[in-house]
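Just below is one structure, and these are the notes that go with it.
Residue numbers (our numbering), protein chains in the order written: chain E, 10 to 213; chain F, 10 to 213.
Structure below.
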């Protein structure tokens, strides 16, 4: 065994420990919620030595934002699907599909999303992370709008960045309502109504 | 002087004290923000006796929600304007006017709205109050949508309550962006873009 191989083993072990801590974090957050969860509990559940969690994460908020990235990945994937419709109908069909998948992904992680909602309200770090997640979605939507404007499908005088914000906010808040069980309508009705309003207003 | 007149004087004085406490509360919240404000500071500024604030308000959160009602009154007035358009164009003109007034009212109370935003994040009582404010707006919008659907101006298959939610959420979040200075566009551009998207999607 040479030096580089030993390094790699140590690195692998470090990655494993990190993964264990993230899994333990997820379990602790799900059980306790954000505010009541502690790094000590996470360390304990991960069977890592006292204080080990602090070697890998600055604090509880830092560990949590990493978990958020994993949860959001599915929603990013949905939002990042190629969007090059050739007709208004194609655009609507794809917008509907994306909206539905976005809401569905959030519902599949319902319990963690509830903790995310709680954490946004109490942690400045998590709030900032959420704002950066928002910015990423809005920037993607802005590009999609510009594409259909350039293609002559959408009304050109709209401010793409502003419409993207409005559209994302509508989706975000209805998504929170769905996650928190504060909306009666089902996923299909929600996705269809929002997508039709948006596509109907944006497209020629 | 008979007994009833004395009662009335005492009642008047109580109303005055209450008003003084609310004014003092506003000043303290504006200076300290929600979390750092205390009932003691409010009592002191209102020159009322030690603990008097607690005679009139259960706690800081309770006093604050009363201030919120006053701030929101102007926005309620805007939302409650009679809405009986006879054409799509009339509807758009009024939606634009209402949207603009809603945003403008929030901007006129910009500093207090910042405190409201902070308070929603940290106080369950304020959060609940905000949810009831939201519900009031959404219920008003739902009725407006039903009116134009019944009048044959808007697309009938839309779920009025759902569209009302989406539309309010869009306005609310953009309003927060404006209040927090997180949006570049001006009031006119914001109102026009959102209103056009909404009216374009909802109306035939």
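All residues carry an ideal CB built from backbone N, CA and C; glycine is no exception.
Bear in mind that the values here come from a model prediction, so they are computed numbers and not experimental data.
Establish whether the CB of residue i and some CB of chain E are separated by less than 9 Å.
i, result
"residue 206 (chain F)", "yes"
"residue 19 (chain F)", "no"
"residue 167 (chain F)", "yes"
"residue 211 (chain F)", "yes"
"residue 70 (chain F)", "no"
"residue 194 (chain F)", "yes"
"residue 174 (chain F)", "yes"
"residue 131 (chain F)", "yes"
"residue 199 (chain F)", "yes"
"residue 25 (chain F)", "no"
"residue 178 (chain F)", "yes"
Just the C-alpha distance for residue i and residue j, rounded to the nearest angstrom, thanks.
i, j, result
"residue 18 (chain E)", "residue 25 (chain E)", "10 Å"
"residue 185 (chain E)", "residue 104 (chain F)", "26 Å"
"residue 207 (chain E)", "residue 126 (chain E)", "25 Å"
"residue 172 (chain F)", "residue 204 (chain E)", "10 Å"
"residue 68 (chain E)", "residue 119 (chain F)", "34 Å"
"residue 191 (chain F)", "residue 140 (chain E)", "11 Å"
"residue 27 (chain E)", "residue 79 (chain E)", "14 Å"
"residue 211 (chain E)", "residue 175 (chain F)", "15 Å"
"residue 196 (chain F)", "residue 108 (chain E)", "28 Å"
Is the shortest distance between the beta-carbon of residue i and the beta-carbons of chain F less than 9 Å?
i, result
"residue 139 (chain E)", "no"
"residue 157 (chain E)", "no"
"residue 113 (chain E)", "no"
"residue 186 (chain E)", "yes"
Answer yes or no: do residue i and residue j have a C-beta to C-beta separation smaller than 9 Å?
i, j, result
"residue 87 (chain E)", "residue 54 (chain E)", "no"
"residue 37 (chain E)", "residue 23 (chain E)", "no"
"residue 157 (chain E)", "residue 42 (chain E)", "no"
"residue 83 (chain E)", "residue 40 (chain E)", "no"
"residue 122 (chain F)", "residue 180 (chain F)", "no"
"residue 97 (chain F)", "residue 189 (chain F)", "no"
"residue 154 (chain E)", "residue 74 (chain E)", "no"
"residue 131 (chain F)", "residue 130 (chain E)", "yes"
"residue 178 (chain F)", "residue 65 (chain E)", "no"
From which residue to which residue does the alpha helix (DSSP H) around residue i run?
i, result
"residue 80 (chain F)", "69-88"
"residue 123 (chain E)", "119-131"
"residue 186 (chain F)", "169-188"
"residue 55 (chain F)", "48-55"
"residue 195 (chain F)", "Here residue 195 (chain F) belongs to no alpha helix (DSSP H), and DSSP marks it neither H nor E."
"residue 62 (chain E)", "62-65"
Going by DSSP, which residues form a beta bridge with residue i?
i, result
"residue 163 (chain F)", "F:212"
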